[in-house]
Amino acid sequence: MAGEAYEEYFTDFQTNPQHWNLMDFDIWASTNITNSQLKSAHQAFYKFLNTVIKENTSTEDAIKHAQRLVATKKEDTKMVRPLWSNSAILTVVRRATNIVKAHTDLDKVTENRVNTLVFGHKRKRADDDSYVDVDNNPFWVQREEDDVNEVEEMNTPRDNLPEAKRRAPVLLTPHKPILTKNAFETACSNLGEPLAKWLREVLLSANPEELRERLMQPIKGNGLKITERDERLHVVFETTLREFYAMIKYSPGHKVPWHSSERKFLVERVITPFKLAEYIFGDVSTYWIEKEIMSTKAAEFIDDPSGNLTRKKADGLAIDLVYNADVMIMESSGGPLQQDRKHTQDDSVKLTNGSVSILLACLRKYLGASAETTKKLKTYSIQVIENRITLLETSLYRPRLCKMIEVRNGVFPFALSSIGEYMGVFELLACYVDGLIERRNVMRELSNEVNGVKKLSSESLKAWWIKE
0 MAGEAYEEYF
10 TDFQTNPQHW
20 NLMDFDIWAS
30 TNITNSQLKS
40 AHQAFYKFLN
50 TVIKENTSTE
60 DAIKHAQRLV
70 ATKKEDTKMV
80 RPLWSNSAIL
90 TVVRRATNIV
100 KAHTDLDKVT
110 ENRVNTLVFG
120 HKRKRADDDS
130 YVDVDNNPFW
140 VQREEDDVNE
150 VEEMNTPRDN
160 LPEAKRRAPV
170 LLTPHKPILT
180 KNAFETACSN
190 LGEPLAKWLR
200 EVLLSANPEE
210 LRERLMQPIK
220 GNGLKITERD
230 ERLHVVFETT
240 LREFYAMIKY
250 SPGHKVPWHS
260 SERKFLVERV
270 ITPFKLAEYI
280 FGDVSTYWIE
290 KEIMSTKAAE
300 FIDDPSGNLT
310 RKKADGLAID
320 LVYNADVMIM
330 ESSGGPLQQD
340 RKHTQDDSVK
350 LTNGSVSILL
360 ACLRKYLGAS
370 AETTKKLKTY
380 SIQVIENRIT
390 LLETSLYRPR
400 LCKMIEVRNG
410 VFPFALSSIG
420 EYMGVFELLA
430 CYVDGLIERR
440 NVMRELSNEV
450 NGVKKLSSES
460 LKAWWIKE
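Okay, here's the thing in structure tokens:
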């Protein structure tokens, strides 16, 4: 059923370049690389590509030739490139290539499935018995070793066809997020001015004694109202920093020793602010270390009631105390000193599937609520890679499709000289707390709509979900 849904979704794409939504394709492909309906999804992709080629060829022979190329997927690259008469086709091919390349570091079984189902043609090599023969594949766009030749070919006239636009290479820097103007302006948007000012003064401390003195200073409004939320967050931040102060005061160089233990870092550093927020705000109850995720089991049971359910556990799981629903899943991928790449990839997949399962498990109770209200409902996932923590939120995007967005990230410091990095961590925590408060309001609104207390603001979720 998932394959049919993706096939219907893909045929709705506009072939005109100005209507091509690259983000939609990214979401689709990155989700289905590990989806059980992988084959159906990729068949839908080639069906769509075939449609694009048809609409941009004029003769019957050219159409037949294009169909043959798509069906076999084994012709020479130079025979296919003249068919790229607009940038939409080239965009599809490039993104498909990059996404598959990005997943080649997964386990061997997954890599074999991806290469076989997407490209279909292999050749042997010494260190990899499932390597794709890119020379015989028309849909593989080489971007590294043949970069110069590709530029020359793209600038060569091809029977008066319009030149395909060349996209700049995507630079993946997971540990160094790109600082845009918008990101800079929203760096402290969730803290509020009183808290941000207090934190700036505290985090500029030059020695432990100065840090201790500044921590005792109360927050000042300076004409701005200090809310109860600000006061509670102040307690969380102050207590977290006092613990950090105790860890570095008597340590040589006023620093915390680096190590490779995942559990040690999680317990000593990561859990502290979230534990405090749990008891100070009282919105959720968080369970730590190998907590079983019931929402994943529920999702698997709906898909296949007779199948065996998979036991999946998380490093952290937050549960709403009022509605008894999972709201946040956390995974720590290796210790701060050394990243386990395979562990990180597996955790990323677990977080994606887990956050979607949590969202769908909650929404199944409110199928009669309005679709516009359900789009406001968000679930949260947190991933810790080395000493960086990232907060992501998941919500409905289109019928049968969810979106997952990184909203905040921060780095845990290991020395007094880098204590300013706590600013990002506290901003992330404030964003998470505000999200939980907003989520509680959305849940109340959903409950009112499904029980007839409030009129629906749009069509029901059930009617919206089954749309073509």
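Per numbering that gives the first Met the number 0, the very first residue in the sequence shown carries number 0; after that it's consecutive. The beta-carbon is built from N, C-alpha and C at its ideal position, and this holds for glycine as well.
Three or more beta-carbon pairs under 8 Å between the stretch 319-339 and the stretch 283-290, yes or no? yes
Work out the CA separation of Ala-414 and Val-449 for me, nearest whole Å. Here the question's residue 449 lines up with position 450 in the sequence shown. Here the question's residue 414 lines up with position 415 in the sequence shown. Going by the C-alpha atoms only, they are around 51 Å apart.
Just how far apart, CA to CA, sit Leu-460 and Glu-227? Taking the sequence shown and counting its residues from 1, the one referred to as residue 460 is at position 461. Taking the sequence shown and counting its residues from 1, the one referred to as residue 227 is at position 228. Their backbone Cα atoms lie some 35 Å apart in a straight line.
Is Leu-473 helix, strand or coil when you go by DSSP? Absent from the structure is residue 473, since the part of the chain shown begins at 0 and ends at 467.
Between which two residues does the alpha helix (DSSP H) harbouring Asp-282 extend? Residue mapping note: residue 282 aligns to position 283 of the sequence shown, counting from 1. Unbroken run through Asp-282: none, as it is neither H nor E.
Is Glu-192 helix, strand or coil by DSSP? What you label residue 192 is simply residue 193 of the sequence shown in a count that begins at 1. Glu-192 falls in the helix class under three-state DSSP.
Please identify the residue among Ala-195, Lys-263, Met-403, Tyr-421 whose C-alpha is closest to the C-alpha of Val-348. In the sequence shown, counting from the first residue as 1, residue 348 sits at position 349. Closest by alpha carbon: Met-403.
Where Asn-408 falls: helix, strand or coil (DSSP): Against the sequence shown, residue 408 aligns to sequence position 409. The answer is strand: DSSP assigns Asn-408 an E or B state.
In whole angstroms, what separates the C-alpha of Ala-368 from that of Ser-294? For the purposes of this step, residue 368 is identified with residue 369 of the sequence shown, where counting begins at 1. For the purposes of this step, residue 294 is identified with residue 295 of the sequence shown, where counting begins at 1. Each residue's Cα considered, the two are about 20 Å apart.
For Ile-288 and Asp-325, which I take to be in contact (beta-carbon distance under 8 Å), what is that distance rounded to the nearest angstrom? For the purposes of this step, residue 288 is identified with residue 289 of the sequence shown, where counting begins at 1. For the purposes of this step, residue 325 is identified with residue 326 of the sequence shown, where counting begins at 1. Actually they do not touch by this definition, with Cβ atoms about 16 Å apart.
Rounded separation between Glu-237 and Arg-443 - CA only: For the purposes of this step, residue 237 is identified with residue 238 of the sequence shown, where counting begins at 1. For the purposes of this step, residue 443 is identified with residue 444 of the sequence shown, where counting begins at 1. Taking the straight line joining both Cα atoms gives about 32 Å.
Any contact of the stretch 195-209 with the stretch 243-261, i.e. 3+ C-beta pairs under 8 Å? yes
Classify Pro-335 as buried or exposed, calling it buried when 16 or more other Cβ atoms lie within 10 Å of its own Cβ. Numbered from its first residue, the sequence shown carries residue 335 at position 336. Per the 10 Å Cβ criterion, buried.
Can you give me the Cβ contacts of Asp-229 inside the same chain, cut-off strictly under 8 Å, excluding the 5 residues immediately before and after it? Here residue 229 is taken as the residue at index 230 of the sequence shown, counted from 1. Result list for Asp-229: Gly-191, Pro-193, Leu-194, Ile-218, in chain order.
In the structure shown, what three-state DSSP assignment does Tyr-322 receive? For this step, residue 322 is matched to residue 323 along the sequence shown. The three-state reading of DSSP puts Tyr-322 in coil, since its state is none of H, G, I, E or B.
Can you tell me the Cβ-Cβ gap for Ser-446 and Glu-371, rounded? I've got them flagged as a contact below 8 Å. As a working note, residue 446 is residue 447 in the sequence shown. As a working note, residue 371 is residue 372 in the sequence shown. With a Cβ gap of about 16 Å, Ser-446 and Glu-371 do not count as contacting.
In chain order, what residues of the same chain lie with their CB nearer than 8 Å to the CB of Val-234, ignoring the 5 residues before and after it? Start at 1 with the first residue of the sequence shown, and residue 234 comes out as number 235. The residues are Leu-275, Ile-279.
Cβ-based burial, Gly-220 [other Cβ within 10 Å; buried from 16]: As a working note, residue 220 is residue 221 in the sequence shown. Note on Gly-220: under 16 other CB atoms within 10 angstroms of its CB, so exposed under the neighbour-count rule.
Option nearest Trp-463 by Cα separation, candidates Gly-409, Asp-433, Tyr-365: Sequence index remark: in the sequence shown, residue 463 carries index 464 (1-based). With distances taken between Cα atoms, Trp-463 lies closest to Tyr-365.
Beta-carbon contacts of Tyr-431 that lie in its chain and below 7 Å, excluding the five residues immediately before and after: Here residue 431 refers to the residue found at position 432 when the sequence shown is read from its first residue. Tyr-379, Leu-390.
Does the Cβ of Gly-353 have 16 or more other Cβ atoms within 10 Å, making it buried, or fewer, making it exposed? For this step, residue 353 is matched to residue 354 along the sequence shown. Gly-353 is buried by the Cβ-count criterion.
Give the DSSP-derived three-state secondary structure of Glu-458 in the structure shown. Mapped onto the sequence shown, residue 458 falls at position 459. Residue state, collapsed to three classes: coil.
On the three-state DSSP scale, how would you describe Lys-466? Residue mapping note: residue 466 aligns to position 467 of the sequence shown, counting from 1. Residue state, collapsed to three classes: coil.
Would you report the Cα separation of Thr-351 and Glu-200, rounded to the nearest angstrom? For the purposes of this step, residue 351 is identified with residue 352 of the sequence shown, where counting begins at 1. For the purposes of this step, residue 200 is identified with residue 201 of the sequence shown, where counting begins at 1. Taking the straight line from one Cα to the other gives about 38 Å.
I need the straight-line Cα distance from Gln-382 to Lys-453, nearest angstrom please. Translated into the one-based positions of the sequence shown, residue 382 becomes position 383. Translated into the one-based positions of the sequence shown, residue 453 becomes position 454. The alpha-carbon atoms of Gln-382 and Lys-453 are separated by roughly 37 Å.
Measure the Cβ-Cβ separation of Leu-428 and Pro-272 and say whether it is below 7 Å. Position 429 of the sequence shown, counted from the start, is the residue given in the question as residue 428. Position 273 of the sequence shown, counted from the start, is the residue given in the question as residue 272. Less than 7 Å separates the beta-carbon of Leu-428 from that of Pro-272.
Identify every run of the beta strand (DSSP E) within the stretch 327-398, keeping only runs that are complete inside it and at least 3 residues long; order them along the chain. 378-384, 387-397
Do you know offhand how far Lys-375's Cα is from Lys-254's? Here residue 375 refers to the residue found at position 376 of the sequence shown. Here residue 254 refers to the residue found at position 255 of the sequence shown. Going from the Cα of Lys-375 to the Cα of Lys-254 covers about 42 Å.
Nonlocal neighbours in the same chain, by C-beta distance under 6 Å from Tyr-396, ignoring five residues either side: In the sequence shown, counting from the first residue as 1, residue 396 sits at position 397. Taken in chain order, the residues that qualify are Lys-402.
Helix, strand or coil: which one does DSSP assign to Leu-400? Within the sequence shown, residue 400 is the residue found at index 401, counting from 1. Strand at Leu-400.
One or two residues paired with Ala-414 in a DSSP bridge: What you label residue 414 is simply residue 415 of the sequence shown in a count that begins at 1. The partner list for Ala-414 (beta bridge, DSSP) reads Lys-254.
Alpha helix (DSSP H) containing Thr-238: first to last residue? Position 239 of the sequence shown holds residue 238. Its alpha helix (DSSP H) spans residues 227-247.
Would you call the CB atoms of Glu-420 and Val-410 closer than 7 Å? Mapped onto the sequence shown, residue 420 falls at position 421. Mapped onto the sequence shown, residue 410 falls at position 411. The beta carbons of Glu-420 and Val-410 sit closer together than 7 Å.
According to DSSP, is Ala-205 part of a helix, a strand, or is it coil? For the purposes of this step, residue 205 is taken as the residue at position 206 of the sequence shown. Residue state, collapsed to three classes: coil.
Whole angstroms is fine: what's the gap from Glu-212's alpha carbon to Gly-451's? Looking up residue 212 in the sequence shown gives position 213. Looking up residue 451 in the sequence shown gives position 452. Distance between the alpha carbons of Glu-212 and Gly-451 is about 55 Å.
In terms of residues, what are the limits of the alpha helix (DSSP H) holding Arg-268? Here residue 268 refers to the residue found at position 269 when the sequence shown is read from its first residue. Looking at the DSSP string, Arg-268 is not in any alpha helix (DSSP H), and its letter there is neither H nor E.
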